[in-house]
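Peer 1: If you count the sequence shown from 1, position 53 lands on 52 in numbering that gives the first Met the number 0, and the numbers rise without skipping.
Don't be surprised by glycine CBs; every beta carbon is placed ideally from N, CA and C.
I have a structure I would like to understand better, so I am pasting it below and will then ask my questions one at a time.
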Amino acid sequence: MALLRIREVEALQGFKLRLTLTDGSVIERDVSRLLVGPVFEPIRKDLTVFAKVRVEGGTVVWPNGADLCPDVLIWAGPPPAEGQQPAHPPQA
Numbered sequence: 000m001a002l003l004r005i006r007e008v009e010a011l012q013g014f015k016l017r018l019t020l021t022d023g024s025v026i027e028r029d030v031s032r033l034l035v036g037p038v039f040e041p042i043r044k045d046l047t048v049f050a051k052v053r054v055e056g057g058t059v060v061w062p063n064g065a066d067l068c069p070d071v072l073i074w075a076g077p078p079p080a081e082g083q084q085p086a087h088p089p090q091a
């Protein structure tokens with residue numbers, strides 16, 4: 000089983016992201032609670048900066064170098080071990 004990662008991202012209103020995963024599924028995540036710390040300050044303060052999100056290396060990044068863990072975005076924690084059911088499966 001290939002590691003599931005993010006292939007495309009679209010910024011939505013209210014600090015939400017629409018994520019297209021490498022298996023073709025699409026999920027939406029509210030990332031407002033994840034934008035913590037000084038590196039995320041410009042992103043929290045300006046929605047036009049938030050909207051500059053892009054995919055790099057299978058996760059989401061912003062022009063200032065801020066990024067989020069793809070496992071947290073996809074699974075709300077670490078991915079399930081092979082053969083196990085995910086605790087928090089992706090939601091369509």
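Pull up the distance between the alpha-carbon of Leu16 and that of Thr58, whole angstroms please.
Peer 2: Roughly 12 Å between the two C-alpha positions.
Peer 1: Using a Cβ-Cβ cutoff of less than 8 Å, which residues in the same chain neighbour Leu20 once the five nearest sequence positions on both sides are dropped?
Peer 2: For Leu20, where only same-chain residues beyond five positions count, the Cβ hits under 8 Å are Leu3, Arg4, Ile5, Arg6, Ile26, Ile73, Pro89.
Peer 1: Tell me whether Ala1 sits in a helix, a strand or coil according to DSSP, three-state version.
Peer 2: Looking at Ala1 - three-state DSSP - the assignment turns out to be coil, as it is neither helix nor strand.
Peer 1: Can you give me the start and stop residues for the beta strand (DSSP E) that Arg53 sits inside?
Peer 2: From DSSP, the beta strand (DSSP E) with Arg53 extends over 53-55.
Peer 1: Going by beta carbon distance, what residues of the same chain come within less than 8 Å of Gly13, once the five residues before and after it are set aside?
Peer 2: Excluding residues within five positions, the ones whose Cβ falls inside 8 Å are Asp29, Ser31.
Peer 1: In whole angstroms, what separates the C-alpha of Phe39 from that of Ala1?
Peer 2: Near 30 Å, if we compare the C-alpha coordinates of Ala1 and Phe39.
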